[in-house]
Amino acid sequence: MNAISIKDLVKTYPNTEALKGVSLEIKKGEFFALLGPNGAGKTTMIQIMTGLCNKTSGEVSLFNKDVYQDYQEARALIGLVPQEFNFDIFEKVYNILYYNAGYFWIPAKERPARIEKILKDLGLWEKKDAQAMQLSGGMKRKLMIARALVHNPKILILDEPTAGVDVETRQTMWTYLKKLNKEGTTILLTTHYLEEAEKLCDRIAIINKGKIIKVDTKDNLLKEHGNKKLEDIFLQLTK
Ligand SMILES: Nc1ncnc2c1ncn2[C@@H]1O[C@H](COP(=O)(O)OP(=O)(O)O)[C@@H](O)[C@H]1O
Ligand SMILES: [Mg+2]
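First residue of the sequence shown? That's 2 in my numbering, and the numbers climb one at a time after it.
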C-alpha cells in the first residue's frame, strides 16, 4: 500500500518550471528522504500534497485519497511541519496545539490527554503555558512537530526540520522521529543535510531542478558509489 503516490506532477510558476514531471511512490511505514539543493522543488511538492498550492498537471494521492477530489480526507492524513515557523508567536504553546486539534475535529474532551502526551514526549511540557515567542529556536521547531502530530496523522511530512537547530536538539528530534516511525507513522523528510538522510531514512530520492534524478535505498546508493559519503554521491549526481 502506498502512503504517498505522485504521478507526472508538473508545477509551472509564471517564470519557473518548479516541477517537471515528478513521479514517486512512498510505501506505508517508510522513512523517506527527499534530498535536493535549494530551489530543487521540494517545498513545492509538499505544498501540492497538502493543498497549499495548486498543481499544473499530474496526480497526487495519499492512501488512495486524491489530494484535490478528496481534499479533507487527504489533508487529515498528513501532519505538516513547514519550512518556516507559522504559529502565532503571542499564543501559548498549549493553545496552539489545542486549536490545531480543533481544526482537525478532535473532540474537545480528547484533546488534553493527547496534548499532554505529545508535549511530554518532546520535552516541552514545562513550557505549555509559555508564549511561543518565549521558546528557543530548537523548542520552536519541536513545537511545530508537536502541532503537526496532534491529530494523530498517518503521514508526517517535515520540510527541512533541522535547519538552524543545534546539535543536541537535532539528536533528540532524530530519536523521536525514529520512534514515531517504528510505531507506524510514515515519514517524509526533506533536507539538504545528507547526514540526516543517512542516519534516518530507508529510501532516498534526489531531486534537482524539478526532476527526480535518483530513487533508491540508502544502502544501495552507498554501495553503488563505493560507499562514498552520501554528500559526495549527491555532488556527483547533481553536477
Ligand atoms: N510562489 C512562487 N512563485 C514563483 N516561483 C516560485 C514560488 N515558489 C517557489 N518558486 C520557485 O520554484 C522553484 C522551486 O522552489 P522550492 O519548491 O521552494 O524549492 P526547495 O524547497 O527545493 O528549495 C524555485 O525556482 C523557486 O524560486
Ligand atoms: Mg524548500
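For each residue, glycine too, the CB sits at the ideal point set by N, CA and C.
- Going by beta carbons, V82 and D160 fall inside the 9 Å limit.
- For K8, the uninterrupted beta strand (DSSP E) segment begins and ends at 3-14.
- Secondary structure note for L81: it is in no alpha helix (DSSP H), and the uninterrupted beta strand (DSSP E) holding it is 79-82.
- A contact is defined here as three or more CB-CB pairs under 8 Å, and the segment 191-208 fails this definition with respect to the segment 105-120.
- The residue from E127, V151, E184, E197 with its alpha-carbon nearest to that of G37 is E197.
- Excluding its 5 nearest sequence neighbours in each direction, T170 has C-beta neighbours in its own chain below 6 Å: G139, listed in chain order.
- In the same chain as I146, and ignoring 5 residues on each side of it, the C-beta atoms closer than 6 Å to its own belong to V82, in chain order.
- Counting the other CB atoms within 10 Å of its CB gives E184 a total below 16, which places it among the exposed residues.
- Taking the C-beta atoms as reference points, K93 is found no nearer than 9 Å to A149.
- With 16 or more other Cβ atoms from the protein chains shown falling within 10 Å of its own Cβ, I47 counts as buried.
- In the structure shown, L125 falls within a coil segment according to DSSP collapsed to helix, strand and coil.
- For ligand 2, a non-hydrogen atom lies closer than 8 Å to the CB of T44.
- Less than 9 Å divides the Cβ of V151 from the Cβ of N101.
- Shown here for M134: same chain residues with a beta carbon closer than 8 Å to its own, the five before and five after excluded, namely I90, F91 in chain order.
- With fewer than 16 other beta carbons inside 10 angstroms of its own, K230 counts as exposed.
- Of the heavy atoms belonging to ligand 1, none sits nearer than 8 Å to the Cβ of I146.
- For T17, the secondary structure class from DSSP, reduced to helix, strand or coil, is strand.
- In the DSSP assignment, V168 falls within the alpha helix (DSSP H) that extends over 168-183.
- CA-to-CA, the gap between M50 and T176 works out to about 26 Å.
- With contacts defined by Cβ atoms closer than 9 Å, I156 and G80 form a contacting pair.
- If you ignore the 5 residues before and after T57, its C-beta comes within less than 7 Å of the C-beta of V11, K12, T13, all in its own chain and listed in chain order.
- Close CB contacts of G124 within its chain, under the 8 Å cut and outside five residues either way in sequence, are with K143, T173 (chain order).
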